[in-house]
Amino acid sequence: MHWKSRSPLSEALPMFDKLTSPHEGFRLADLSRRQCKWPVNRAQAGELHLFCGEAVQNGHPYCEEHCGKAYTGKAGSR
Numbered sequence: 001m002h003w004k005s006r007s008p009l010s011e012a013l014p015m016f017d018k019l020t021s022p023h024e025g026f027r028l029a030d031l032s033r034r035q036c037k038w039p040v041n042r043a044q045a046g047e048l049h050l051f052c053g054e055a056v057q058n059g060h061p062y063c064e065e066h067c068g069k070a071y072t073g074k075a076g077s078r
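Under full-length UniProt numbering, the first residue of the sequence shown is numbered 1, with each subsequent residue one higher.
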């Protein structure tokens, strides 16, 4: 009996080096409270607004990257 060095499964599944398209975002209705709500597109009125969707920082509505953009440490003047 002759055994192949590669499994049939490895021959059947295509290999991908990287994603073919960048992440485009999530609809707000599809996000949980633990996913980033930072808008990732410039949707006009009537267009679909898309959001980041990465895991949020504890106690914030945004992921680590977007918290850095949203909370710059500047106190608002009154």
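Cβ atoms here follow ideal geometry from the backbone N, Cα and C, with glycine treated the same way.
Option nearest residue i by Cα separation, candidates the options
{"i": "ASN58", "options": "ALA29, GLN35, LYS69 and GLU47", "result": "GLN35"}
{"i": "GLY25", "options": "GLY53, SER32, GLY46 and ARG33", "result": "GLY53"}
{"i": "ALA55", "options": "GLU47, CYS67 and ALA29", "result": "CYS67"}
{"i": "HIS60", "options": "ALA29, ARG33, LEU28 and ARG27", "result": "ARG33"}
Spatial distance of residue i from residue j (CA atoms)
{"i": "LEU50", "j": "ALA70", "result": "17 Å"}
{"i": "CYS63", "j": "ALA43", "result": "21 Å"}
{"i": "LEU19", "j": "ASN41", "result": "The predicted position of LEU19 is uncertain, since its pLDDT is 31 and thus under 50; a value taken from the coordinates is nonetheless stated next. LEU19 and ASN41: Cα-Cα distance of roughly 20 Å."}
{"i": "PRO39", "j": "THR72", "result": "17 Å"}
Residue i in three-state terms, based on DSSP
{"i": "ALA43", "result": "coil"}
{"i": "LEU50", "result": "strand"}
{"i": "HIS66", "result": "helix"}
Identified DSSP bridge partners for residue i
{"i": "GLN35", "result": "ALA55"}
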